[in-house]
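Chemist:
There are 2 protein chains.
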Amino acid sequence: MPAAKSATADPHRPDAKPRRRVGRPPSAVLDQDGITAAGLQLVRKSGYDGFTMAALARLLNVAPSALYNHVSSKREVLVLIQDHLTSFVDVSAFETEPWEQAVRDWAWSYRDVFSRHTPLIPVIAVLPVADAPKTLAMYEAVSAGFRRAGFPQERIISAIVALESFIFGSAYDVTAPADIFDSGSLAAATPNFSAAVASLGEQGYANQADVAFGLGLEALIAGFGALRR
Amino acid sequence: MPAAKSATADPHRPDAKPRRRVGRPPSAVLDQDGITAAGLQLVRKSGYDGFTMAALARLLNVAPSALYNHVSSKREVLVLIQDHLTSFVDVSAFETEPWEQAVRDWAWSYRDVFSRHTPLIPVIAVLPVADAPKTLAMYEAVSAGFRRAGFPQERIISAIVALESFIFGSAYDVTAPADIFDSGSLAAATPNFSAAVASLGEQGYANQADVAFGLGLEALIAGFGALRR
DNA sequence: CCACTAAATGAATGCCATTCATTTAGGACG
DNA sequence: CGTCCTAAATGAATGGCATTCATTTAGTGG
Chain A
10 MPAAKSATAD
20 PHRPDAKPRR
30 RVGRPPSAVL
40 DQDGITAAGL
50 QLVRKSGYDG
60 FTMAALARLL
70 NVAPSALYNH
80 VSSKREVLVL
90 IQDHLTSFVD
100 VSAFETEPWE
110 QAVRDWAWSY
120 RDVFSRHTPL
130 IPVIAVLPVA
140 DAPKTLAMYE
150 AVSAGFRRAG
160 FPQERIISAI
170 VALESFIFGS
180 AYDVTAPADI
190 FDSGSLAAAT
200 PNFSAAVASL
210 GEQGYANQAD
220 VAFGLGLEAL
230 IAGFGALRR
Chain B
10 MPAAKSATAD
20 PHRPDAKPRR
30 RVGRPPSAVL
40 DQDGITAAGL
50 QLVRKSGYDG
60 FTMAALARLL
70 NVAPSALYNH
80 VSSKREVLVL
90 IQDHLTSFVD
100 VSAFETEPWE
110 QAVRDWAWSY
120 RDVFSRHTPL
130 IPVIAVLPVA
140 DAPKTLAMYE
150 AVSAGFRRAG
160 FPQERIISAI
170 VALESFIFGS
180 AYDVTAPADI
190 FDSGSLAAAT
200 PNFSAAVASL
210 GEQGYANQAD
220 VAFGLGLEAL
230 IAGFGALRR
């Protein structure tokens, strides 16, 4: 598609405005894939605060109301972005690695993807899988891996849900400020907690959030591994 | 405090309006505790969608702008509510029960409280503890329990963070629709996943979310219990 | 060829958090 | 006892937001 030539008024600074005349255009400007791609681009540039329907429309060189011919709400755009992001979660290890390592690789990848998109978590967590085909594909790959590893059928979903819950919660941690556990002036009143925080700081350790995630993940893998038969 | 008498105009339906004349009132109408209590009441009645500064002001019989003499933003009200709710989390078992049971009781209680307040989770997860004294008190009680149980000092915070992440993620599950795993028309393409969902449904089991939470929690307790010395 | 429907614009609408000027009252200090 | 300073209320903006609606134009199926 060629860049729209400036054919009308105001040959000034702010270029690239919805310079298109009223009425249905010869060929459709928008579709769900394009909206999804632009949405992701906008989020990466401006974050979820800057992600507004108006800004999305501007990026797509379209009037805001045009978006509503293709999605029914802003929430639906978020769902499209979420589902697209899920295709970046790496499930390949379920084909190549033993179960423990596959779960480990998948979980780290899943957490990393959504730690940069925590505002989507409230959306994902209650979204029917039928509304998100790529997400469903991820579940299929993971479920298959669990079945092949000898998991009893009726425990597979519960185990995945538990892992996912841990992953979502941990994704928030990644974004927390480094000094989140500074008790400040109340430190004297919380000796046990403050001492624990201090001794954690003494280790030159890597990322605080990574340590906690690794610790919890290994416990879950060990615990769930025992369910196999 | 006696109900404000109708002293002015408009003796019509909508009673209880900010019928107070301009200027500083003889004694302060608002304070943070009152705002917190009204906020919680409003959330219980109208949910987080209905929780607006205007609605909160109406409940307190005050103009919306008056709130800003006591809090700097809506987010601060949410923080006040969050901290207040945390005092409902039961940490008493750390004084009376063995470590495993204490963690179990605490975790279930924590999840139950916030499963009815999931919109607070993004706020809590990145909130410096110094801004939430009751939350800090909870951490102190839990840390003390871990120390007494023989946990190495430098692992206590990571273990608590991991548990908390799991708890927050699981709180969302509680609110998910029951049919969230219906794959609908795509079921044929996801045989492993669909079979797992079906066999889960066959058990007459209790709450799906409770089963997953119990499963994950027991794995974490078992895994972390092994760290003690 | 004609009706129908899809896809754009642009102008509302209503809600929301927040700010600001203004008013009034209490308290500290002389 | 008066005079400032500051705290705490009102009410009127402000600007941003998602969403809706009337209107216009164009492609499509009978």
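From first to last, the protein sequence lines are chains A and B.
Numbering-wise, the first sequence is residues 10 to 238 according to our numbering.
Numbering-wise, the second sequence is residues 10 to 238 according to our numbering.
Cβ atoms here follow ideal geometry from the backbone N, Cα and C, with glycine treated the same way.
1. Exposed or buried, D188(A), counting other C-beta atoms within 10 Å across all chains shown (16 or more means buried)?
2. Tell me where the alpha helix (DSSP H) around I130(B) begins and ends.
3. For R156(B) versus F222(B), is the C-beta spacing smaller than 8 Å?
4. Identify each residue in the segment 150-169 of chain A for which the Cβ-Cβ distance to at least one residue of chain B is less than 7 Å, and report them in chain order.
5. With 16 as the cutoff for other CB atoms within 10 Å, does Q217(B) come out buried or exposed?
6. What are the boundary residues of the alpha helix (DSSP H) that P142(B) is part of?
7. Kindly indicate the opening and closing residues of the alpha helix (DSSP H) around H93(B).
8. Output the distance between the C-alpha atoms of R84(A) and R238(B), rounded to the nearest integer angstrom.
9. Hey, would you say H93(B) sits closer than 8 Å to Q41(B), going by beta carbons?
10. I believe Q91(B) touches I44(B) by the beta-carbon criterion, under 8 Å. Please report the beta-carbon distance rounded to the nearest angstrom.
11. Note down the Cα distance separating A207(B) from Y77(B), rounded to an integer number of angstroms.
12. Output the boundary residues of the alpha helix (DSSP H) element that contains P35(A).
13. Quick check on P57(A): buried or exposed, where buried means 16 or more other Cβ atoms within 10 Å of its Cβ?
14. Relative to the C-alpha of D219(B), which residue among A235(B), S179(B), A204(B) and A231(B) is closest?
15. Going by Cα to Cα distance, which pick from F190(A), G234(A), V170(A) and R28(A) is closest to G159(A)?
16. Could you tell me whether any Cβ in chain A is nearer than 8 Å to the Cβ of D58(B)?
17. Buried or exposed: where does V88(B) fall if 16 or more other Cβ atoms within 10 Å of its Cβ makes it buried?
18. Could you round the C-beta distance between L65(A) and A47(A) to whole angstroms and report it? I think they count as a contact, below 8 Å.
19. For the alpha helix (DSSP H) holding R237(A), just list the boundary residues, first then last.
20. Can you say whether S101(A) is buried or exposed, counting buried as having 16 or more other CB atoms within 10 angstroms of its CB?
21. Can you tell me whether DSSP reads D182(A) as helix, strand or coil?
22. For a contact meaning CB atoms closer than 7 Å, what does S82(A) contact in chain B?
23. Taking the CB atoms as reference points, tell me whether L209(B) and S167(A) lie closer together than 8 Å.
24. Within the same chain, show all residues whose beta-carbon is closer than 8 Å to that of T9(B), passing over the 5 residues directly before and after it, in chain order.
25. Whole angstroms is fine: what's the gap from I165(A)'s alpha carbon to L68(B)'s?
26. Look at the alpha carbon of G59(B) and the alpha carbon of P34(B), and state the distance between them as a whole number of angstroms.
27. Is L195(B) close to chain A, meaning its C-beta is less than 8 Å from at least one C-beta of that chain?
28. Is the Cβ of L224(B) closer than 8 Å to any Cβ of chain A?
29. Kindly indicate which three-state DSSP category Q212(B) falls into: helix, strand or coil?
30. Leaving out five residues before and five after P161(A) in sequence, what residues of the same chain have Cβ atoms less than 6 Å from its Cβ?
31. Leaving out the 5 sequence neighbours to the left and right, which residues in its chain are closer than 6 Å to A63(A) when beta-carbon positions are compared?
32. Pull up the distance between the alpha-carbon of S118(A) and that of F190(B), whole angstroms please.
33. Which class does T61(B) belong to by DSSP, given the choice of helix, strand or coil?
34. Give the C-beta separation of A198(B) and S152(A) to the nearest angstrom, bearing in mind that I take them to be a contact with Cβ-Cβ under 8 Å.
35. Determine whether the Cβ of A141(B) lies closer than 8 Å to any Cβ atom of chain A.
36. Hey, how far is the Cα of L226(A) from the Cα of S194(B)?
Modeler: To lay it out plainly:
1. exposed
2. I130 to A134
3. no
4. S152, A153, R156, Q162, E163, I165, I166, S167 and A168
5. buried
6. P142 to R157
7. K83 to T95
8. 49 Å
9. no
10. About 13 Å separates the two Cβ atoms, so there is no contact after all.
11. 52 Å
12. No alpha helix (DSSP H) contains P35(A), which DSSP labels as neither H nor E.
13. Here residue 57(A) is Tyr; the residue named in the question, Pro, does not match the sequence. Y57(A) should be labelled exposed.
14. S179(B)
15. G234(A)
16. no
17. buried
18. 6 Å
19. It is not in any alpha helix (DSSP H) - R237(A) carries neither H nor E in the DSSP assignment.
20. exposed
21. helix
22. Residues of chain B passing the Cβ test: none, with the nearest at roughly 14 Å.
23. yes
24. Residue coverage of chain B in this structure runs from 10 to 238, which leaves residue 9(B) outside it and unanswerable.
25. 47 Å
26. 28 Å
27. yes
28. yes
29. coil
30. none
31. P73
32. 22 Å
33. coil
34. Contact flag wrong, Cβ pair sits at about 12 Å.
35. no
36. 33 Å
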